[in-house]
Amino acid sequence: MADDWRGAWTAALDDLELDVSQVEIMLADEHRHAETPPASLWRPPTELGALPLELKPRADEILTRQLRAAEEIARRLTANRQQMAMTSRIETGEAIKRPVYVDCAM
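Note that this note's numbering has the sequence shown beginning at 227, numbered continuously upward.
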């Protein structure tokens, strides 16, 4: 029974670690194509009970990696929004609010 419980948690952590590894790979690839399908969502297993104590360091390390990946995603989203805002001002001329030409003939 204990081996089944430990094995179920190990498999759950394997799935979670694979998910965060895929996100890390995606973040490392600066030229990832927009057509790449999104990763399938990780679903927590049900009825596993408490995490075995010997797996806690691994679970903590996975959580740390997830938090780092989430911070990087947030940073990149913010940079992307800033770049889009700057691009829209450049393309539309929004940044220039003063007249460019003054007719002095009158």
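Quick reminder that beta carbons are idealized off the backbone N, C-alpha and C, glycines included.
Computed from a predicted structure; not experimentally measured.
For residue i, I'd like the list of residues in its chain whose CB is within less than 7 Å of its CB, leaving aside the five on either flank, ordered along the chain.
| i | result |
| --- | --- |
| residue 239 | 281, 284, 285, 288 |
| residue 277 | 235, 285 |
Label residue i either buried or exposed according to how many other C-beta atoms from any shown protein chain fall within 10 Å of its C-beta, with 16 as the threshold for buried.
| i | result |
| --- | --- |
| residue 328 | exposed |
| residue 242 | buried |
Between the alpha carbons of residue i and residue j, how many angstroms are there, rounded?
| i | j | result |
| --- | --- | --- |
| residue 253 | residue 266 | 16 Å |
| residue 233 | residue 302 | 37 Å |
| residue 313 | residue 307 | 10 Å |
| residue 269 | residue 245 | 11 Å |
| residue 292 | residue 251 | 13 Å |
| residue 255 | residue 227 | 42 Å |
| residue 248 | residue 316 | 35 Å |
| residue 290 | residue 229 | 26 Å |
| residue 299 | residue 231 | 34 Å |
| residue 237 | residue 310 | 41 Å |
| residue 294 | residue 330 | 59 Å |
So what does DSSP say about residue i, is it helix, strand or coil?
| i | result |
| --- | --- |
| residue 274 | coil |
| residue 269 | coil |
| residue 328 | coil |
| residue 245 | helix |
| residue 227 | coil |
| residue 240 | helix |
| residue 255 | coil |
The ligand NAP and residue i: does any heavy atom of the ligand fall closer than 7 Å to the residue's C-beta?
| i | result |
| --- | --- |
| residue 301 | Here there are no bound small molecules, and the ligand NAP is not part of this structure. |
With a CB to CB cut of under 8 Å and the five nearest residues on each side skipped, what residues in its chain are close to residue i?
| i | result |
| --- | --- |
| residue 274 | 231, 234, 235, 238 |
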